[in-house]
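J.: In short: position in the sequence shown from 1, add 9, done, that's my numbering.
Just so it is clear, CB atoms sit at the ideal spot from N, CA and C, and this is done for glycine as well.
All figures in this text were calculated on a predicted structure; none of them were measured in a lab.
What follows is a single structure, and I will ask about it in a moment.
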Amino acid sequence: MKIVDAQVVVTSPGRNFVTLKITTDEGLTGLGDATLNGRELSVVSYLTDHVVPLLIGTDPHRIEDTWQYLYRGAYWRRGPVTMAAIAAVDVALWDIKAKAAGLPLYQLLGGASRERIRAYGHAAGRDIPELLDSVRARQAEGYRAIRVQTGVPGLTNVYGVRPDLSVSDQLPRPVVEDWDTPAYLRHLPRVLEAVRAEFGPGLPLLHDAHHRLTPIQAARLGKDIEPYDLFWLEDCTPAENQEALRLVRRHTTTPLAIGEVFNTVFDYQTLINEQLIDYVRSAVTHFGGVTPLRKLFDYAAQYQIKSAVHGPEDISPVGMAAALHLDLAIHNFGIQEYSGHTALTGEVFRHAYTFTDGYLHPGEAPGIGVELDEELAAAHPYRPAYLPVNRLADGSVHDW
Ligand code: GCO
Ligand code: MG
């Protein structure tokens with residue numbers, strides 16, 4: 010079998026998605042997600058200008074070799090643009106291989122290790138009553154594990170609370186959010202106390218600090234919220250300083266999850282070797298695909314660290330499907346983030362995976378189980394969009 014064509018499709022059915030479609034001489038096609046939120050077109054160029062010409066004429070079955078060729082062969086390694094581009098190729102090739110075998114991808118990854126995949130959803134409110142309503146709404150949708158985010162008194166625009174911008178209300182420049190770490194540190198324990206009082210001890214609760222704390226602030230927060238028994242505290246510090254987590258770990262038993270902005274195993278080495286975290290958070294889409302993420306999970310498993318694949322709305326259904334096949338196959342699965350997508354996105358990317366009673370399943374369609382409606386995709390072209398930025402009261406930029 011040979012690759013005869015590879016096209017990059019950019020579509021915006023509510024938000025931007027970048028998809029690679031590889032076609033073989035036997036008529037099989039494979040899809041890969043290359044969406045990098047707010048920087049989409051850089052990956053489009055990386056793929057169309059530098060990767061697609063290298064794929065034509067090659068054997069789609071040689072997934073590992075293609076991965077090494079694109080990663081080592083480029084000389085310039087790592088980084089979100091490179092790794093999103095490689096991920097799209099990797100997932101498209103797995104899709105083709107599984108379709109050629111007539112099997113859902115998870116069967117090629119060792120088969121199912123579980124019957125269903127527990128998902129967590131997002132609840133958010135400007136204040137505590139609004140958050141409690143939002144938790145109830147997620148429970149009504151079936152979720153059995155819920156991430157909780159609230160506004161902070163005195164701040165107007167806080168991460169996770171402001172509704173996600175659809176492209177139609179995007180401004181030409183990033184929205185500016187505001188932040189005050191001491192106010193947040195005072196407020197969050199009260200929020201979690203109220204959620205526990207309302208929903209009891211049994212509901213798995215998660216919280217995302219979105220890289221905003223210093224190590225000592227994170228250590229204090231982890232300790233303060235221990236009574237509320239979080240499933241995890243996510244991205245407590247900007248963890249490219251991996252050693253910082255030693256300090257956090259010394260002070261708290263709150264479980265820690267990190268990694269959605271990481272692209273390779275090297276970003277995790279200290280975190281995993283020293284067991285400084287409990288969950289690895291990378292997305293298939295930003296980590297170079299199924300091939301390296303499987304290796305990361307196997308490495309993490311030796312340290313009792315579990316998977317928790319990043320799954321916000323900016324991971325397309327293609328990236329989500331790839332994640333679900335991995336989730337079903339690996340033994341050290343932890344939980345899967347799942348925000349769902351707009352109905353229109355589900356029409357552009359028809360998918361076999363399902364969400365029922367809080368659990369996901371990739372389905373039994375051969376491959377990853379996603380088909381792209383190219384006509385509908387073309388009817389919703391790319392619209393420039395940015396992630397927000399974050400500023401402190403004095404006007405200085407803070408981690409977002
Ligand atoms: C999460 C993430 C997202 C990111 C977004 C950036 O835990 O789901 O923090 O909400 O902010 O994916 O593109
Ligand atoms: Mg996060």
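From this set, Leu40, Arg221 and Asn25, which residue's C-alpha is nearest Gly51's C-alpha?
T.: Correcting the residue identity first, residue 51 is Ser in this sequence and not Gly. The shortest Cα separation from Ser51 among Leu40, Arg221 and Asn25 belongs to Asn25.
J.: Terminal residues of the continuous beta strand (DSSP E) containing Gly41?
T.: Thr38 to Asp42
J.: With 16 as the cutoff for other CB atoms within 10 Å, does Glu49 come out buried or exposed?
T.: Under this definition Glu49 is a buried residue.
J.: What does the Cβ neighbour count give for Glu150, buried or exposed, with the cut at 16 atoms within 10 Å?
T.: exposed
J.: What number of angstroms, rounded off, separates the C-alpha of Lys108 from the C-alpha of Gly23?
T.: 29 angstroms
J.: Note down the Cα distance separating Thr57 from Gln16, rounded to an integer number of angstroms.
T.: So the alpha carbons of these two residues sit roughly 8 angstroms apart.
J.: Here's a check: name, in chain order, each residue in its chain whose Cβ is nearer than 8 angstroms to the Cβ of Arg272, leaving out the five neighbours to either side.
T.: Per the sequence presented here, residue 272 reads as Asn, with Arg not at that position. Cβ contact annotation for Asn272 (same chain, cutoff 8 angstroms, sequence separation greater than five): Arg87, Gly88, Pro89, Thr91, Met92, Ser291, His295, Phe296 and Gly297, in chain order.
J.: Quick check on the DSSP output: the alpha helix (DSSP H) that includes Tyr368 runs from which residue to which?
T.: Here Tyr368 belongs to no alpha helix (DSSP H); instead the beta strand (DSSP E) covers Tyr368 to His370.
J.: Name the two residues that bound the continuous beta strand (DSSP E) containing Leu141.
T.: Leu141 -> not in any beta strand (DSSP E); alpha helix (DSSP H) instead, spanning Ile137 to Glu150.
J.: To the nearest angstrom, how far is it from the Cα of Gln77 to the Cα of Asp307?
T.: Straight across, the Cα-Cα distance linking Gln77 with Asp307 is about 19 angstroms.
J.: Can you list, in chain order, the residues of its chain with a C-beta nearer than 6 angstroms to that of Asp336? Leave out the 5 residues immediately preceding and following it.
T.: Ile126, Phe342 and Gln345
J.: Confirm the yes/no value for this check: CB of Pro181, any heavy atom of the ligand GCO, distance under 7 angstroms.
T.: no
J.: Assuming Asn399 is part of the beta strand (DSSP E), what are its boundary residues?
T.: Val398 to Leu401
J.: From this set, Lys315, Val299 and Arg303, which residue's C-alpha is nearest Leu280's C-alpha?
T.: Lys315
J.: Under the DSSP definition of a beta bridge, which residues are partnered with Asp244?
T.: Note: Asp244 is not bridge-paired with any residue in the DSSP secondary-structure output.
J.: Enumerate, from N- to C-terminal direction, the unbroken alpha helix (DSSP H) stretches of 4 or more residues contained entirely within the region 11 to 85.
T.: Here the runs fully enclosed are 49 to 54, 61 to 64 and 72 to 82.
J.: Which residues bound the alpha helix (DSSP H) around Leu164?
T.: No alpha helix (DSSP H) holds Leu164; DSSP gives it neither H nor E.
J.: Taking Ala94 as part of the beta strand (DSSP E), name the residues at either end of that continuous run.
T.: Ala94 -> not in any beta strand (DSSP E); alpha helix (DSSP H) instead, spanning Pro89 to Ala110.
J.: Using the rule of at least 16 other Cβ atoms within 10 Å of the residue's Cβ for burial, across every protein chain shown, is Ile65 buried or exposed?
T.: exposed
J.: Going by DSSP, what residue range makes up the beta strand (DSSP E) through His131?
T.: Ile126 to Gly134
J.: Does the region 199 to 214 come into contact with the region 140 to 160, if we say contact requires no fewer than three beta-carbon pairs (one atom in each stretch) closer than 8 angstroms?
T.: With contact defined as three or more Cβ pairs closer than 8 angstroms, the region 199 to 214 and the region 140 to 160 are in contact.
J.: Any idea what DSSP makes of Arg156, helix, strand or coil?
T.: Arg156 falls in the strand class under three-state DSSP.
J.: Within the continuous beta strand (DSSP E) that includes Leu254, where are the two ends?
T.: Element bounds for Leu254: not the beta strand (DSSP E) but the alpha helix (DSSP H), Ala253 to His260.
J.: Sort Asp323, Arg205, Leu230 and Phe208 by Cα distance to Arg195 and report the nearest one.
T.: Leu230
J.: Grab the span of the beta strand (DSSP E) containing Glu380 for me, first residue to last.
T.: Val379 to Leu381
J.: Span of the alpha helix (DSSP H) holding His196?
T.: Thr190 to Phe208
J.: Rank Phe364, Val299 and Asp366 by C-alpha distance to the C-alpha of Ile377 and give the top, closest one.
T.: Val299
J.: Please classify Glu356: does DSSP put it in a helix, a strand, or coil?
T.: In the structure shown, Glu356 adopts helical secondary structure according to DSSP, grouped into three states.
J.: For Gln278, is the classification buried or exposed, using 16 other Cβ atoms within 10 angstroms of its Cβ as the cut-off for buried?
T.: exposed
J.: Nearest-angstrom Cα distance between Leu29 and Thr38?
T.: Distance between the alpha carbons of Leu29 and Thr38 is about 10 angstroms.
J.: Tell me the DSSP secondary structure of Gln116 in three-state form.
T.: helix
J.: Considering Cα atoms alone, identify which of Pro198, Pro69, Ala248 and Arg400 is closest to Glu236.
T.: Looking at the sequence provided, one finds Pro at residue 236 rather than Glu. Residue Pro198 is the option with its Cα nearest to Pro236.
J.: Helix, strand or coil: how does DSSP classify Asp323 here?
T.: The answer is coil: DSSP assigns Asp323 none of H, G, I, E or B.
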